[in-house]
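What follows is a short report on a single structure.
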Amino acid sequence: MRCLICLLVLLTPIACQAETDTVPNPRTVHNIDLDWHFSLGDEPTSTDNMRKLDVPHDWSIEGDYHPDNPTGGKGGYLPGGVGWYIKTIDIPEDWADKQILIDFDGVYMNSEMWINDHPLGKRPYGYISILYDLTPHLKPGPNTLKVRVDNTNDPSSRWYHGCGIYGHVNLIVTDPIHIPQWGTFVTTPHITDARATINVETDVISAQAAATSVRLEQIVLDPAGKQVVTTTKTDIALQKATRQTITQQLTVPKPQRWSVETPNLYTLVSRVYHDNKPVDEYHTTFGIRTIEWHAHKGFLLNGEQVKLKGVCEHHDGGPVGAALYGKVLQRRMQILKDMGCNAIRTAHNPRTPEFYQLCDRMGFLVMDEIFDGWHKKAEWDYGRVAWAQWWQKDTEDWLRRDRNHPSVIMWSIGNETGHTDKHDITGFIHQFDNTRPTTGGTVFYGVDVSGFNGPGGTPGVLEKFKAEHPEQPVVLTEVPHTYQTRGFYRVPTWWRERPGQGKNQRKNFFEPYGEEQIFFDGHPRYSSSYDNAGVRINARTAWKRTRDTDWIAGEFRWTGFDYLGESGWTAGGYPMRLFNHGIIDLAGFPKDHYFFYQSMWTDTPMVHLLPHWTHPHIAPEAEIPVVAYSNADEVELFLNGKSLGRNQREDTLEFLWYVRYQPGQLKAVAYQDGKPVAETTQTTAGHPARIVITTDNSNLAPDRRDFAHITFKLVDVNGVMSPRANDRLDFHFDGPVTHWGFENGDPADVNNHRLMHRRAFHGLGLGILQSTDSDAPTE
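Residue numbers for the sequence shown follow our numbering, beginning at 24 and rising by one.
Structure follows, in structure tokens:
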């Protein structure tokens, strides 16, 4: 079946008002995301032949998947190359006596920048925010900013990295006497219900021609924006072009603690006065909370033991690639939150500032990771080309930028770099922050908390280490690794094996897909959505051990979402563009593991059934394992109204029946204390007969920054989703929107994301639209 869809998106303009202080802030921040010019290849001679676009932007995700692209399987077979960005910046006359800084949230990678042809600098690392002082080279009126991004040498990472200015860009305008960007550090060393002690370190810098005296004033606003601290003032003698650090202490009465459940945020307002006039005002968001890592109790937040229910996350966002921001990022994080996830590891690099701001507001705990490796892991990665020269500068910038976020609870120095911190990165980090511990992926020694990746899933390894090092805190940085393809099921257990090894060759006993079953080195590309396809340990066994072992602080499973890269393209032409390790597919649709974790990590009554119940080719004698995940005491299963028994949760953390297939309806009813609290069904679907389209945002703001997610679902005549439907849909959008891409979660679908068609995968697909700044129809 092939369908043509015309989707009319109605936009309702939303008026936006900015809150202003009674006294204007002498510091101003100007976002310059809009109206850049971009081209690929050699340096452009004019903007006339360049494409006009907004940033954040990733040119790689706009390209075609192809086995000859130099990114290879590591980068998901998407293109790299050299890109140029040019932006005209208009400087008002009244900025003549100001300091003007430009702040890039993220540029991948090997960036080089010029303002009015004056070189600003080079930064090889693609996962760090970049600051440059433009002041000496600016003039009133138009100024030309050029950015060159070089991704010719690929692969430059072991996963999809994206290419371009993938984060926001801001101009920061201050007085010559000011607090530098990332110039505050707020800690909360002592907290009781009556009061909290707040330590504040503030850097103040002067670019004036002579020494001068200034006053630094601190004010604290509570989560409602009310001033709760009597002003603290300190007089300072500043020398010319010096950076001076001032330490002050404040007391907050009746503090509202930051936690996963109550992510209360305070604001520190730091004001600098010169000649009794305010010359700078810097705002720092912080949380009042305590953290403790204990050898026997794991992780404690505000004195209470909290298990880290975590996932590892790469930074790509499916069809938007590395340009993951705004409501697209927030949607993904809300999906994790609804699962009960409370922790995220930034694997294996820092994220953009927007990510940490969302973690602060939403109540996530963050393992903030700076590097993948300290040496070559991919042919042209940072570890090979720049780590030795740049690691200290990049680490310092990362720490200064992220250390005020209450969500950040530990610093990860690297991933699978060896068992020991042989460069004393831990010691370097503690020069800038000694309130949080260090760890690393499979780094056991020389860090404050020993981190275990794959070895943590091997029976006996973790227990042996703990017996030998009983006073060392432990966290599972990357456990478990499991595979699932949404909506696809196989009965035999499969552990990661090479072709010809073992007895379990991923044979599908009851779901022969014929030509749809794609093979990779003798293995089908799709992995079973039972919890029976994994590496070393399955999801249920891993979580049971974590839950029941006090000294394991928690686990960060690999991964939350599927991600692009670490893939393969066979000689026979069978592609694989992403890794199937996620709990959630690349479109944001939950797999069955999502509901297992929800049953373990949440309290709201729920029950989930697998597999789907549409199996037209099943052998008559076959019995299908039917699994329920629930956080209730018992679950009863019905087939076409007949009870198949009420089961209690087994030691394997699931409810299990073996059912001879009959078309119709499976229904599961969950009971708590003998009372029904939740139910769900799986119904046999007919052939797809119509398309159901829904959106999470029908009132897009006309600001070129708002997003809508369009979900399309193929259903039969009764409205039941057809879980075997893989039909192509063609789209046309009428309205003031820009198409950002389609995704269906199929690891073997290598169609370009910007094409105006996409197959459904097991009945589902997704499109992402962005608003324009007018009500006029787009192209």
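C-beta: ideal position from N, C-alpha, C; glycine also.
Local Cβ density within 10 Å of residue i, reported as buried at 16 or more and exposed below that
{"i": "R683", "result": "exposed"}
{"i": "G537", "result": "Low local confidence applies: a pLDDT of 34 at G537 is under 50, so the model's placement there is unreliable, with the coordinate-based value given in what follows. With fewer than 16 Cβ atoms within 10 Å of its Cβ, G537 is classed as exposed."}
{"i": "N457", "result": "exposed"}
{"i": "D544", "result": "At D544, the pLDDT of 33 sits below 50, so the modelled position is not reliable and the matter cannot be decided from this model."}
{"i": "Q705", "result": "buried"}
{"i": "G685", "result": "The question names Gly, yet the displayed sequence has Gln at residue 685. Exposed is the call here."}
{"i": "D383", "result": "buried"}
{"i": "T675", "result": "exposed"}
{"i": "F532", "result": "The pLDDT assigned to F532 is 32, lower than 50, so where the model puts this residue is not dependable, and the model offers no usable value."}
{"i": "T285", "result": "exposed"}
{"i": "Q507", "result": "buried"}
{"i": "Q122", "result": "buried"}
{"i": "H785", "result": "buried"}
{"i": "Y681", "result": "exposed"}
{"i": "G340", "result": "buried"}
{"i": "V498", "result": "buried"}
{"i": "D573", "result": "exposed"}
{"i": "A401", "result": "buried"}
{"i": "Q454", "result": "exposed"}
{"i": "Q793", "result": "buried"}
{"i": "E116", "result": "exposed"}
{"i": "A247", "result": "exposed"}
Among the options, nearest to residue i - alpha-carbon criterion
{"i": "D355", "options": "I791, P746, S797, P648", "result": "Note that residue 355 corresponds to Arg in the displayed sequence, not to Asp. Out of I791, P746, S797, P648, I791 has the C-alpha closest to the C-alpha of R355."}
{"i": "L157", "options": "V227, I125, G668, W636", "result": "I125"}
{"i": "N287", "options": "G99, P515, G310, G106", "result": "G310"}
{"i": "W434", "options": "S551, D447, R459", "result": "R459"}
{"i": "W518", "options": "E501, V498, T481", "result": "T481"}
{"i": "H89", "options": "L101, D471, G583, I452", "result": "L101"}
{"i": "L143", "options": "N722, T270, L168", "result": "L168"}
{"i": "G583", "options": "L667, G474, R368", "result": "R368"}
{"i": "D404", "options": "F756, D173, D615", "result": "D173"}
{"i": "D471", "options": "D339, A490, K399, G321", "result": "G321"}
{"i": "L609", "options": "A691, T593, V498, E766", "result": "E766"}
{"i": "T707", "options": "L723, R713, I716, V743", "result": "V743"}
{"i": "Y553", "options": "Q793, P515, I448, Q495", "result": "P515"}
{"i": "I153", "options": "D417, F387, S62", "result": "D417"}
{"i": "V292", "options": "V243, N372, K487, G86", "result": "V243"}
{"i": "D571", "options": "L331, K145, R171", "result": "L331"}
{"i": "A724", "options": "H755, P699, T761", "result": "T761"}
{"i": "I575", "options": "H635, K489, N561", "result": "K489"}
{"i": "V431", "options": "E491, T313, Q495", "result": "T313"}
{"i": "D395", "options": "L667, Q412, N372, W414", "result": "N372"}
{"i": "K360", "options": "G611, A119, N722", "result": "G611"}
Cβ distance (whole Å) where residue i is taken to contact residue j below 8 angstroms
{"i": "E392", "j": "Y348", "result": "E392 to Y348, Cβ: 20 angstroms. No contact."}
{"i": "A318", "j": "G577", "result": "At roughly 15 angstroms, the Cβ-Cβ gap does not stay under 8 angstroms, so A318 and G577 are not in contact."}
{"i": "T225", "j": "I200", "result": "Actually they are not in contact, since the Cβ atoms of T225 and I200 sit about 13 angstroms apart, beyond 8 angstroms."}
{"i": "K205", "j": "R424", "result": "Note that residue 205 corresponds to Trp in the displayed sequence, not to Lys. Their Cβ separation, rounded to whole angstroms, is 5 angstroms, which keeps W205 and R424 in contact under 8 angstroms."}
{"i": "D77", "j": "R727", "result": "6 angstroms"}
{"i": "S83", "j": "G344", "result": "6 angstroms"}
{"i": "V130", "j": "G149", "result": "7 angstroms"}
{"i": "V251", "j": "P276", "result": "7 angstroms"}
{"i": "V649", "j": "A693", "result": "Actually they are not in contact, since the Cβ atoms of V649 and A693 sit about 14 angstroms apart, beyond 8 angstroms."}
{"i": "I714", "j": "I733", "result": "Actually they do not touch by this definition, with Cβ atoms about 11 angstroms apart."}
{"i": "G106", "j": "D177", "result": "Not a contact, Cβ separation roughly 13 angstroms."}
{"i": "L632", "j": "T703", "result": "6 angstroms"}
Residue i and residue j closer than 7 angstroms at C-beta
{"i": "E240", "j": "R294", "result": "yes"}
{"i": "P711", "j": "L737", "result": "yes"}
{"i": "G510", "j": "P746", "result": "yes"}
{"i": "G788", "j": "F735", "result": "yes"}
{"i": "T375", "j": "D128", "result": "yes"}
{"i": "A651", "j": "A701", "result": "no"}
{"i": "I228", "j": "V52", "result": "no"}
{"i": "A783", "j": "D753", "result": "no"}
{"i": "S590", "j": "R600", "result": "yes"}
{"i": "A346", "j": "H80", "result": "yes"}
{"i": "G463", "j": "G474", "result": "yes"}
{"i": "D420", "j": "I151", "result": "yes"}
Would you call the region 635 to 650 and the region 599 to 609 in contact, with 3 or more CB pairs under 8 angstroms? Judged by pairs of C-beta atoms under 8 angstroms, the region 635 to 650 does not touch the region 599 to 609, as fewer than three such pairs exist.
Cβ contact (3+ pairs, closer than 8 angstroms) linking the region 652 to 659 and the region 611 to 625: Contact holds between the region 652 to 659 and the region 611 to 625, because three or more Cβ pairs, one in each stretch, are under 8 angstroms apart.
For the region 556 to 563 against the region 296 to 309, are there 3 or more C-beta pairs whose distance is under 8 angstroms? The way I'd put it, the region 556 to 563 doesn't touch the region 296 to 309; fewer than three beta-carbon pairs between them come closer than 8 angstroms.
Is the number of C-beta pairs between the region 436 to 449 and the region 212 to 232 that are closer than 8 angstroms three or more? By the criterion of at least three beta-carbon pairs nearer than 8 angstroms, the region 436 to 449 is not in contact with the region 212 to 232.
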